[in-house]
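Chains as they are written, first to last, in my numbering: chain A, 1 to 112; chain B, 1001 to 1115.
Below is one structure, written out as structure tokens; comments come after it.
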Amino acid sequence: RKEVEQDPGPFNVPEGATVAFNCTYSNSASQSFFWYRQDCRKEPKLLMSVYSSGNEDGRFTAQLNRASQYISLLIRDSKLSDSATYLCVVNHGSNQGGKLIFGQGTELSVKP
Amino acid sequence: DVKVTQSSRYLVKRTGEKVFLECVQDMDHENMFWYRQDPGLGLRLIYFSYDVKMKEKGDIPEGYSVSREKKERFSLILESASTNQTSMYLCASSSTHGTSGDTQYFGPGTRLTVL
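The following block contains the structure:
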């Protein structure tokens, strides 16, 4: 079983749609959770951290369920510029120099 | 702004050549990482370092070595390049302290082709 698993995608949605990405992780000791965004042929960039109480940044909402070891990302009112691959990321859960585990990513394509 | 730079965006080498990929960060980060990214396989950790002269194997260290002589610089070395090392190589750094937690900041990547 992979340490971080995501919906494989791709997700093809029209502009204005709401889209949700799901992710599960296997290490119950993980303490830090993130969503990264990666544009085609570019490096991954931090989109947002995910906090236990859930958090929102504009059109983006992230939620964490520690009991189910589940993370989600909701994007409302999708824009063309949201087209990218979204990576679910968790820390290794031990003192290993900040090692992170990356999911394989879910590709999103927003169409006009 | 955190800045992570990599020595080359594109590199073409021949089988058997020794290849050096350089990464420099300007934020005094303790931790540095080398990944490779291939279609369908995602990001895979090659090596990481949490201090000067310290190194730890990641998930796929075979065929690679690293060097960290200065805090800001982390080098990836392919001792004898092979065609299966053709890939996108990404360097990242993070801080052990401060408010950013484990957030990793990536360089722009080096697309290496081994012929």
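All residues carry an ideal CB built from backbone N, CA and C; glycine is no exception.
Are the Cβ atoms of R1111 of chain B and S1087 of chain B separated by less than 9 Å?
Yes, Cβ-Cβ distance for R1111 of chain B and S1087 of chain B is below 9 Å.
Measuring straight from C-alpha to C-alpha, what distance separates C1091 of chain B and M1054 of chain B?
C-alpha of C1091 of chain B to C-alpha of M1054 of chain B: approximately 16 Å in a straight line.
Have a look at M1027 of chain B and I1060 of chain B and give me their C-alpha separation to the nearest angstrom.
Rounded to the nearest angstrom, the two C-alpha atoms are 27 Å apart.
Any beta carbon of chain A sitting closer than 9 Å to that of E1062 of chain B?
No, because no Cβ of chain A sits closer than 9 Å to the Cβ of E1062 of chain B.
Using C-beta distances below 6 Å, list every residue in its chain close to S1007 of chain B, excluding the 5 sequence neighbours before and after it, in chain order.
These residues qualify, in order along the chain: E1022.
8 Å CB neighbourhood of R1009 of chain B in its chain, flanking five on each side removed:
The answer, listed in chain order, is P1108, G1109, T1110 and R1111.
Listed from N- to C-terminal order along the chain, which residues in the region 1088 to 1112 of chain B have their beta-carbon within a distance smaller than 7 Å of any beta-carbon of chain A?
Within the region 1088 to 1112 of chain B, contact with chain A at the beta-carbon level (separation under 7 Å) is assigned to L1090, S1094, T1096, G1101, D1102, T1103, Q1104, F1106, G1107, P1108 and G1109.
On the CB-based measure, 16 or more other CB atoms within 10 Å of its CB, does F34 of chain A come out buried or exposed?
A residue is called buried when at least 16 other Cβ atoms come within 10 angstroms of its Cβ; F34 of chain A meets this threshold and is buried.
Are Q1104 of chain B and G98 of chain A closer than 9 Å when you measure CB to CB?
Yes.
Between the alpha carbons of S68 of chain A and R1036 of chain B, how many angstroms are there, rounded?
Each residue's Cα considered, the two are about 30 Å apart.
For S1065 of chain B, I'd like the list of residues in its chain whose CB is within less than 6 Å of its CB, leaving aside the five on either flank, ordered along the chain.
Exclusion of the five residues before and after S1065 of chain B leaves I1077 as the residues of its chain whose Cβ lies within less than 6 Å of its Cβ.
According to DSSP, what are the bridge partners of E1056 of chain B?
For E1056 of chain B, the beta-bridge partners assigned by DSSP are B:F1048.
Coil, strand or helix - Q31 of chain A by DSSP
DSSP places Q31 of chain A in coil when its eight states are reduced to three.
Just to confirm, are D1102 of chain B and L73 of chain A a CB contact at a threshold of 9 Å?
No, these two residues do not count as a Cβ contact at 9 Å.
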